[in-house]
Amino acid sequence: MAGQVFAAKVELPRQQVRELIDAGLALAREWALPPLSIVVLDTGGHVVVAEREDGCSPLRAPVAMGKANAALGMGISSGTIGERNALRPAFLSSVAAAAEGRFVPVAGGVLILDSDDRVIGAVGVSGASSDEDQQIAIRGIESRQWKPGLAPD
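Spelled out as structure tokens, the structure:
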């Protein structure tokens, strides 16, 4: 067919991602956390949905994107990247340079896994403590019956 445009396969439907974000923000309000930014990326690193709560400082959204991008790019949660490489600052700086600054190796970036443990995207959260950011990401992911991609303890 001349002129036909084919749609790409969708692993993270926008509406389900909106519900993921809403679940995370509901927990953040329950915990009375500061205003958050949440970014969800697909496996290509493209933004599916980004949300910035009222009153959130301007750098929170790029930090959330950097956390999600770090997790997606390295295949493990952003906090695990930072923990495993704490004594390798040159490595972390090199990866940040390669990622053109879109690499934040602190907790709050969590992979989204499907039922077969395949990566289908990543969530990045910024605005509270890194551990709280990570818990918000996990809550959102689990609200959609996906699995959070975290390193085993």
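Using the working numbering, read the sequence shown as starting at 44 and increasing by one per residue. Ideal placement from N, C-alpha and C gives every residue a C-beta, glycine not left out.
- Asp160 is the residue among Asp160, Gly183, Glu175 whose C-alpha sits nearest the C-alpha of Ala194.
- Each residue's CA atom was taken as its position, placing Thr86 and Ala107 some 16 Å apart.
- Scanning its chain for C-beta atoms nearer than 6 Å, with the 5 sequence neighbours on each side dropped, one finds around Glu96 the residues Pro78, Leu79, in chain order.
- Note that the C-beta distance between Gly151 and Leu84 is not below 8 Å.
- Just so you know, the alpha carbons of Leu115 and Val48 end up roughly 28 Å apart.
- The three-state secondary structure of Val149, taken from DSSP, is coil.
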